[in-house]
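Each remark here refers to the structure printed beneath this line.
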Amino acid sequence: MNVYINNYELLCNAGDTKSLMEAVYSKQSAVTINESYLPDAKAGLGIMKYDNIYNVLDDITSKILKDSNLDNFHNTLLILGSSVGGMQECEEIFYSQKSYSNIDPNRYSMNALSDHLSKKFNFYDSRAISTACTSSANAMLLAKRLIEVEAYDNVLVVGADGICSSTVLGFHSLSVLSDKRCTPFDKNRNGMNVAEAVAGILIQNVKTDNSIELKGVGASSDAYHMTNPDPSASGAKNSMRNAIKDAGIEIEDIDYVNAHGTATIANDNVESKAVEELFGNKAYVNSTKAITGHTLGAAGAVEAIVSCEVIKHSIIPPQTGLVELDNENINVPKESIKMDIKNVVSNSFAFGGNNTSLVFGVCK
Amino acid sequence: MKKVAINIISSAKVFAETKLENLDEKRLVPHMMTRRRLTRNSKVMLFLSDKCDFTSGKIVYGSCFSELEETAKIANAVLENEMLSPTSFQNSVYNTAPSYFSLVNKDTDEIITISSGMKTSLDTLKAAALQALVSGEKVLCICIECINIKNIEQINKCTKYLESGAAVVIEIAKDSEGAQEIQNLPIEGLMDSLQDLISVVNMNEKGIKKVLVEL
Chain A
1 MNVYINNYEL LCNAGDTKSL MEAVYSKQSA VTINESYLPD AKAGLGIMKY
51 DNIYNVLDDI TSKILKDSNL DNFHNTLLIL GSSVGGMQEC EEIFYSQKSY
101 SNIDPNRYSM NALSDHLSKK FNFYDSRAIS TACTSSANAM LLAKRLIEVE
151 AYDNVLVVGA DGICSSTVLG FHSLSVLSDK RCTPFDKNRN GMNVAEAVAG
201 ILIQNVKTDN SIELKGVGAS SDAYHMTNPD PSASGAKNSM RNAIKDAGIE
251 IEDIDYVNAH GTATIANDNV ESKAVEELFG NKAYVNSTKA ITGHTLGAAG
301 AVEAIVSCEV IKHSIIPPQT GLVELDNENI NVPKESIKMD IKNVVSNSFA
351 FGGNNTSLVF GVCK
Chain B
365 MKKVAINIIS SAKVFAETKL ENLDEKRLVP HMMTRRRLTR NSKVMLFLSD
415 KCDFTSGKIV YGSCFSELEE TAKIANAVLE NEMLSPTSFQ NSVYNTAPSY
465 FSLVNKDTDE IITISSGMKT SLDTLKAAAL QALVSGEKVL CICIECINIK
515 NIEQINKCTK YLESGAAVVI EIAKDSEGAQ EIQNLPIEGL MDSLQDLISV
565 VNMNEKGIKK VLVEL
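Those protein sequence lines, which keep their order, are chains A and B. The first sequence begins at 1 in the working numbering and counts up one residue at a time. The second sequence begins at 365 in the working numbering and counts up one residue at a time.
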């Protein structure tokens, strides 16, 4: 059973899918420098233009339905991937009232967002996944498997995370936040940018004129440390190997790696090592977090959309912000490269050593 | 809609009104620094997985509110303009408990974490059944809620047992002969997010070892 990505849309700091890809190819970071979250310090953040995350969810889902081959979502499973769920709204209540009393637990929990969509669009069923920064990548992993075993014909994966004070301050406490626009894989990179996004992807068992195939999914655990990746890179390599094996292709068939690439010292060192040891310098690599920032639980879905767009455009994106490559044994282009792109790997890695890789490709 | 039959290989459950005692942490986590960093959910996870004799393999973990204590610590630190604890932040993600399990047991297999509100344990069972079907392996399906935080009474109106958990190790059955639908065997006072898995544990304790799960 082949599995296809047929429709998608997102909203991030760079705008919608079309605006994001224009920013990716023109190397225009949409990260802004913010002084309101941290006391006496600046932070590069990826902030999207919106009033309320629930309205963004509605708009994205409506557009996907309108563009799809479906009349409604009554026979579609919704899988949400999020790391904070309804926390954004609830922490505002707590900070203003200094009490939990007026917090609705149903608006706090992870499924607050999926329950909202499920009620509004009458999905057949919904569930929510929260594995930190791999949340929506793991949602896609489950979606592929559910379609392959013929449990569902249609699955809508939504990755959604809004910026919260607790996440910005939390990453600051780990000393991994950059006060500038992040520069993945650069020798002088100084950390990540926390960001927000909503991304929806309709995954189906039928091919359309516009389909990209979700060929493979793979996952692993580092079993090494709660926040630091295993320096041997075995977890990252295992998730990529598992996804490539699941796709039924060879390592040599991968043209481009859309890296997790957060621009922290630790992540980029380990991911570079994993890419070097698996692909050498044969596959192109970059991280579009230089444009979007790290959209946390939404990142897997955002970067799945980027991966599909890269295949459709047949253009490898340049690495925004790159001045001097840290690991010279991997192939990170400074300028766009026009070429036939058959297969792409997209990586997502998370706290707890949770690793997920997805393989996208042109349809057979 | 597709249903599969699963075999229940082992099961366990625990619950306490305020705090679960005797979780056997010293034996289960000999390394002191790791033990000191464990969250309440992580300690319950290690205890239940040990009771189920599960040390390695795929895990599907479910929790509606997950690491509420760590999240509350962070929120209160922000409110009081205090420095956030890096340990609290890293321990606040929903996959913290199964990640500590993987660290302690050197388990490098897949971990999925479900958080679907009051149907969390049903969705966790569904995801575990899928993982068992796709892999052909045994899978640990485990759900935990630890909500014993300061001022919890401001929002908790109906949960009597503030720390609770349930776990089953499952595999796909060769056929569905004799398999039963999930019965409604709840334990009053537990959070609804746990009750479907509690029912399956209770079925296993009654000798019903083959259960139908809709994917």
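The C-beta atom is built at its ideal place from N, Cα and C for all residues, glycine as well.
Taking the CA atoms as reference points, T264(A) sits about 36 Å from S557(B).
By the rule that beta-carbons nearer than 9 Å mark a contact, R401(B) touches chain A. Comparing C-alpha distances from Y4(A) to each of I47(A), K144(A), E89(A), L11(A) shows the shortest one belongs to K144(A).
The Cβ atoms of S406(B) and F465(B) sit closer than 9 Å to each other.
Assignment of S374(B) by DSSP, reduced to helix, strand and coil, places it in the strand class.
Its chain contains G353 as the residues whose beta carbon lies nearer than 8 Å to that of H225(A), once the 5 sequence neighbours on both sides are disregarded; these appear in chain order.
C-alpha of E444(B) to C-alpha of H172(A): approximately 16 Å in a straight line. Assignment of Y224(A) by DSSP, reduced to helix, strand and coil, places it in the coil class. Cβ proximity to chain B below 7 Å picks out S109, M110, N111, D115, R127, A128, I129, S130, T131 from the region 109-131 of chain A.
In the assembly as shown, M1(A) is an exposed residue. Its beta-carbon has fewer than 16 other beta-carbons within 10 Å. Taking a 10 Å sphere around the C-beta of A301(A), we find 16 or more other C-beta atoms and assign the residue as buried. Here the alpha carbon of L78(A) sits roughly 23 Å from the alpha carbon of D246(A). By the 16-neighbour rule on beta-carbons within 10 angstroms, M339(A) is exposed.
Judged by DSSP in its simplified three-state form, V149(A) adopts coil rather than helix or strand. Taking the Cα of K49(A) as reference, the smallest distance to any Cα among A195(A), L141(A), D104(A) is reached at A195(A). DSSP lists Y4(A), G361(A) as the bridge partner or partners of E213(A). Sequence-distant Cβ neighbours of V468(B) in its own chain, meaning closer than 6 Å and more than five residues away, are V393. If you look at F429(B), you'll find it isn't in any beta strand (DSSP E); DSSP assigns it neither H nor E. Taking 7 Å as the Cβ-Cβ cut-off, the region 507-528 of chain B approaches chain A at N515, Q518, I519, given in chain order. Scanning chain B for C-beta atoms nearer than 8 Å to the C-beta of G353(A) yields S463, S466, L467, reported in chain order. Look at I551(B): its C-beta is not under 9 Å from any C-beta on chain A. With distances taken between CA atoms, S430(B) lies nearest to S463(B) out of S463(B), F418(B), E517(B), A441(B). Judged by DSSP in its simplified three-state form, N386(B) adopts coil rather than helix or strand. Cβ-Cβ distances below 7 Å link L489(B) to C505, D560, L561, V564, V577 in the same chain, with the five nearest sequence neighbours on each side left out; the list follows chain order. Taking each of D539(B), C428(B), Y458(B), N548(B) in turn and checking the Cα distance to T134(A), the smallest one comes out for Y458(B). Each residue's CA atom was taken as its position, placing N193(A) and E89(A) some 21 Å apart.
With contacts defined as CB atoms closer than 9 Å, V503(B) and K422(B) qualify as a contacting pair. For E277(A), no CB of chain B lies under 9 Å from its own CB, so it is not counted at the interface with that chain.
Using a Cβ distance threshold of 9 Å, I291(A) and T320(A) count as a contacting pair. Contact of P394(B) with chain A is not assigned, every C-beta pair being separated by 9 Å or more. Along the region 150-173 of chain A, going in chain order, the ones with a CB nearer than 7 Å to a CB of chain B are E150, A151, S165, S166, L169, G170, S173. The beta-carbon distance between D186(A) and L322(A), rounded to whole angstroms, is 5 Å. This is short enough to meet the 8 Å contact definition. Going by DSSP, T183(A) is part of no beta strand (DSSP E) at all; its letter is neither H nor E.
The Cβ-Cβ distance between A112(A) and S136(A) does not fall below 9 Å. With respect to the 9 Å criterion, S130(A) and G297(A) are classified as neighbours on the basis of their beta carbons. With three or more CB-CB distances shorter than 8 Å, the region 214-223 of chain A counts as touching the region 468-479 of chain B.
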